[in-house]
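Residues in the sequence shown are numbered from -16 upward in steps of one, following the numbering used here. Backbone N, C-alpha and C define an ideal beta-carbon position, used for all residues, glycine too. Quantities reported herein were computed from a predicted structural model and do not represent experimental measurements.
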Amino acid sequence: MTIHSESLALALASISPAMLALIGGALAALFMLVIVLLLRGASLRREQAEEASFRAEENEARMGELLKIQAEMQGRIAAMTEVFGARQSELNQTISQRLDGMSQRVSSTITEQTKSTHENLQRLQERLAVIDAAQNNIQTLAKDVVGLQAILSNKQTRGAFGQSRMETIVADGLPMGAYAFQQTLSNGSRPDCTIRMPNGAPPLVIDAKFPLEAWNAIRDAGSPEAGKIAGQQFRRDMEVHIRDISEKYLIQGETQDTAFLFVPSESIFAEIHEHFEPVVQKAHRARIVIVSPSLLMLSIQVIQAVLKDQRMRAQAHLIQGEVAILMEDLSRLDERVRKLQGHFAMAQKDIDMVVTSADKLTKRGARIEALEFEAGSGDANPARDSEAAAKSVESRTGLLKLRVVDEE
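As structure tokens, then:
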């Protein structure tokens, strides 16, 4: 230690004074710098302590706010819990009520559906019963069709069938005495029906015989060649039948120049006009009109209208007389109505006068009641007898004037 100190002293002795002054200044500056640094560190530590205390206070304030917010949140959570509990109870109650309502609706719906199903089943049973009855009717109709086919297979019975249908149409459309069945003509022939025409005109002849064998042969043909042969046979039979009608039933001056050939089926009538046009043309040239049931019905209606028009013309003078009597009755009725109208006008005038008199009486009664009220008020005040008497006189005078005016 002494050696070091001695060496240090020797070193310092060897340094010049200027150098020593410089080193002393540097040391003083260094000392000042250290002092400044120490002061700055102290101020910095003080600032950091203040900042730390400020932050601690701020953190405490924030912690207080957080605690306050937490308390508020807890209160709100408690309130929300209560609200949610109340809402949940209400929701449960509402759901239970709706479930009860839905269960009631479902039960009522199931009851209605059951009732509707029962009714539908009952209706279905009724319809099945109707279907069974219709099936029985169809079976009966099938038997009738078979019987009809058996009838149509026989020529005589087939002719009777066509004639009966024609007779039904004529009898339904014309009055008794306007037609005759199986009437004998001058040449000994007997047409199926004759219809008497108006104004003394010759009767109209209707023939109900139709060659159905050849037509059935056309329907039963299994090949085009057989169908062609059957069509030719049907055409020949129709031409022969048309010639027979023209020769037997068209008598000059005894029957009409035109006769009807009745076809008892609309479908056969359409087939004839579609596929056998030459037969139709030949019938027109021979003054034979082929008619179906609908055309015969229409012709009967036309004849009925003509007969009605004839009867109207025959009774025209009677109708004119009745119209004249009717016009006289109408004139008398008009005169009596006018007299009744005058009586009603006079009665209305009397009613208006009665209403006017009733209004006048009502007004006068109201004025009399007003005078009695004023007289009663005068008796209640004995100090004004003279004035009341004067007013009473004036009122009576005014009443007399009013009466005069009303009477005028």
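* Hey, would you say residue 149 sits closer than 8 Å to residue 189, going by beta carbons? -> With respect to the 8 Å criterion, residue 149 and residue 189 are classified as neighbours on the basis of their beta carbons.
* Proximity below 8 Å, CB of residue 234 to CB of residue 244 -> Not in contact: residue 234 and residue 244 (Cβ atoms no closer than 8 Å).
* Quick one: what does DSSP say residue 1 is sitting in, helix, strand or coil? -> For residue 1, the three-state secondary structure derived from DSSP is helix.
* Check the C-beta distance from residue 284 over to residue 156 and give it rounded, since I have them as a contact under 8 Å. => With 8 Å as the limit, residue 284 and residue 156 qualify as a contact, their Cβ atoms being about 6 Å apart.
* According to the Cβ coordinates, are residue 182 and residue 287 closer than 8 Å? -> With a cutoff of 8 Å on beta-carbon distance, residue 182 and residue 287 are scored as not near each other.
* Asked: Would you say residue 274 and residue 218 are within 8 Å of each other, going by their C-beta atoms?
  -> Cβ atoms of residue 274 and residue 218: not closer than 8 Å.
* Name the DSSP beta bridge partners of residue 266, please? -> Residue pairing for residue 266: DSSP places it in no beta bridge.
* Report the residue from 247, 215, 248 whose alpha carbon sits nearest the alpha carbon of residue 393. => Lying outside -16 to 391, the shown extent of the chain, residue 393 is not represented and no answer is given.
* **Range of the contiguous beta strand (DSSP E) that encloses residue 255** => Secondary structure note for residue 255: it is in no beta strand (DSSP E), and the uninterrupted alpha helix (DSSP H) holding it is 249 to 258.
* How many Å lie between residue 103 and residue 97 at the Cα? -> Rounded to the nearest angstrom, the two C-alpha atoms are 10 Å apart.
* Would you kindly report the start and end of the unbroken beta strand (DSSP E) that includes residue 274? => Residue 274 -> beta strand (DSSP E) spans 271 to 274.
* **For residue 162: DSSP bridge partner residues** => Per DSSP, 178.
* Asked: By DSSP, does residue 292 sit in helix, in strand, or in coil?
  -> Residue 292 sits in a helix when the DSSP states are folded into three classes.
* Asked: Using the rule of at least 16 other Cβ atoms within 10 Å of the residue's Cβ for burial, across every protein chain shown, is residue 193 buried or exposed?
  -> With 16 or more other Cβ atoms within 10 Å, it is buried.
* Would you give the residue range spanned by the alpha helix (DSSP H) that residue 234 belongs to? => Residue 234 -> no alpha helix (DSSP H), and no H or E assigned at all.
* Asked: Can you give the beta carbon distance from residue 175 to residue 191, rounded, assuming they're within the 8 Å contact cut?
  -> Correct: roughly 4 Å between the Cβ atoms.
* Under three-state DSSP, which class holds residue 193? -> Looking at residue 193 - three-state DSSP - the assignment turns out to be coil, as it is neither helix nor strand.
* Asked: Who does residue 242 pair with in a DSSP beta bridge?
  -> 188, 271, per the DSSP bridge assignment.
* Asked: Between residue 204 and chain D, is there a C-beta pair that is closer than 8 Å?
  -> Although the question refers to chain D, the structure presented lacks it and comprises just one protein chain.
* Of all the options 290, 5, 58, 252, which has the alpha carbon lying nearest to the alpha carbon of residue 279? -> In this structure, 252 is the residue among 290, 5, 58, 252 with its C-alpha nearest to the C-alpha of residue 279.
* Asked: Are residue 177 and residue 163 close, meaning C-beta to C-beta below 8 Å?
  -> Between residue 177 and residue 163, the C-beta gap is smaller than 8 Å, which places the two residues in contact.
* Quick one: residues in its chain with C-beta nearer than 7 Å to the C-beta of residue 197, no 5 flanking neighbours on either side, listed in chain order? => These residues qualify, in order along the chain: 213, 216, 217, 220.
* Asked: In angstroms, rounded to a whole number, what distance separates the CA positions of residue 19 and residue 10?
  -> Counting only the Cα atoms, residue 10 lies some 14 Å from residue 19.
* To which residues of the same chain is residue 167 closer than 8 Å at the C-beta, ignoring the five residues directly before and after it? -> Once the five neighbours on either side are set aside, the close Cβ partners of residue 167 are 173.
* Count the other CB atoms, across all protein chains shown, that sit within 10 Å of the CB of residue 123; report buried if there are 16 or more and exposed otherwise. => Exposed, because fewer than 16 other Cβ atoms sit within 10 Å of the Cβ of residue 123.
* Asked: By Cβ distance below 6 Å, which residues in the same chain neighbour residue 2 in space, the five residues on each side in sequence not counted?
  -> Within the same chain, residue 2 has no close Cβ partners at all.
* To do: Just tell me which of 56, 226, 304 has its CA closest to the CA of residue 267.
  => When each option's Cα is compared against that of residue 267, the closest is 226.
* Asked: Roughly how many angstroms separate the alpha carbons of residue 369 and residue 334, rounded to a whole number?
  -> Only weak support exists for where residue 369 lies, its pLDDT of 46 falling under 50; the value from the coordinates is given anyway. Put simply, the backbone Cα of residue 369 is about 46 Å away from that of residue 334.
* Asked: How many Å lie between residue 42 and residue 12 at the Cα?
  -> Take the alpha-carbon of residue 42 and the one of residue 12: they are about 43 Å apart.
* Asked: Within 7 Å: the Cβ of residue 191 and any heavy atom of the ligand PLP?
  -> No copy of the ligand PLP appears in this structure; indeed no ligand is present at all.
* When DSSP labels each residue in this structure, what does residue 38 get in the three-state scheme? -> In the structure shown, residue 38 sits in a helix (DSSP, three-state: H, G or I).
* Measure the C-alpha to C-alpha separation of residue 50 and residue 39 and round it to an integer number of angstroms. => Distance between the alpha carbons of residue 50 and residue 39 is about 16 Å.
* To do: Confirm, please, whether the CB-CB distance from residue 185 to residue 396 is below 8 Å.
  => Absent from the structure is residue 396, since the part of the chain shown begins at -16 and ends at 391.
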